[in-house]
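Position in the sequence shown (first residue = 1) + 421 = this note's numbering.
Cβ atoms here follow ideal geometry from the backbone N, Cα and C, with glycine treated the same way.
Following: one structure in structure tokens, then a few remarks.
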Amino acid sequence: MANLLPQKHKQGIFSEYRLRLGSGGLGLLAVVFIAGIALLVPSFVLTEARHSQHQSQLNSVEETAVATSTEAAKQIIKQTNTRLEIVNSTETNQLQPTRILKLLAETRSDGIAINNISINAEDGESTNEGVSRVSIDGVADTRDNLLGFEDSLENRAQVLAVDLPIGALASQENTAFNMTVTVQSL
Numbered sequence: 422m423a424n425l426l427p428q429k430h431k432q433g434i435f436s437e438y439r440l441r442l443g444s445g446g447l448g449l450l451a452v453v454f455i456a457g458i459a460l461l462v463p464s465f466v467l468t469e470a471r472h473s474q475h476q477s478q479l480n481s482v483e484e485t486a487v488a489t490s491t492e493a494a495k496q497i498i499k500q501t502n503t504r505l506e507i508v509n510s511t512e513t514n515q516l517q518p519t520r521i522l523k524l525l526a527e528t529r530s531d532g533i534a535i536n537n538i539s540i541n542a543e544d545g546e547s548t549n550e551g552v553s554r555v556s557i558d559g560v561a562d563t564r565d566n567l568l569g570f571e572d573s574l575e576n577r578a579q580v581l582a583v584d585l586p587i588g589a590l591a592s593q594e595n596t597a598f599n600m601t602v603t604v605q606s607l
């Protein structure tokens with residue numbers, strides 16, 4: 422086929438063809454880009470919504486954890502203070518167990534075997550302040566040893582009362598006894 426177009430027109434047609442091809446490709450690229458953005462917008466909005474929801478849940482959990490740990494710490498401090506108050510009131514108002522044991526050791530004679538000692542400190546609201554009830558279980562070799570032990574306890578200044586059941590005096594030898602001694606602090 423014979424080419425009848427001059428070279429100048431031929432170049433113009435090629436440049437116009439390239440321009441149309443470039444603008445068409447650029448337009449197609451713009452349409453694809455806009456379509457991609459349009460398709461990504463719902464995913465972006467959904468992701469942002471989930472992110473903000475998770476962030477709010479995280480904040481509420483952190484606030485709850487801080488509040489819970491604060492409340493737990495307050496509760497532990499309150500319990501510790503209560504225990505310290507009990508210890509302080511026991512030290513100031515009640516006889517210490519070592520003093521009670523020393524008192525019993527000083528008054529016990531050779532014929533008395535003590536098997537069990539229970540100390541019940543009572544608060545000052547229901548009874549006299551500083552009163553302890555001491556329950557003593559043991560065995561006396563003879564009735565006279567038991568009566569002597571009872572008398573020596575009653576003669577002590579800090580002993581308010583000695584309660585020895587009459588049944589403990591029933592046998593003459595190897596007498597098992599359970600007496601209650603009421604002791605006041607010094």
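Q. Of the choices Ala591, Leu574 and Ile497, whose alpha-carbon is the least far from that of Val583?
A. Leu574
**Q.** Segments of 3+ residues assigned as beta strand (DSSP E) that fall wholly inside the segment 558 to 597
**A.** 580 to 584
Q) Between the beta-carbon of Ile535 and the beta-carbon of Leu525, is there less than 8 Å? A) yes
Q.
According to DSSP, simplified to helix, strand and coil, what is Asn537?
A. strand
Q) Any idea which residues DSSP pairs Arg554 with across the strands? A) Asn541 and Thr603
Q: Write down the C-beta distance between Phe598 and Leu581 rounded to the nearest angstrom, noting that I regard them as a contact closer than 8 Å.
A: Going by Cβ atoms, the distance from Phe598 to Leu581 rounds to 19 Å, so no, they are not a contact pair.
Q: Taking only the alpha-carbon atoms, compute the straight-line gap between Pro427 and Ala451 and give it to the nearest angstrom.
A: 36 Å
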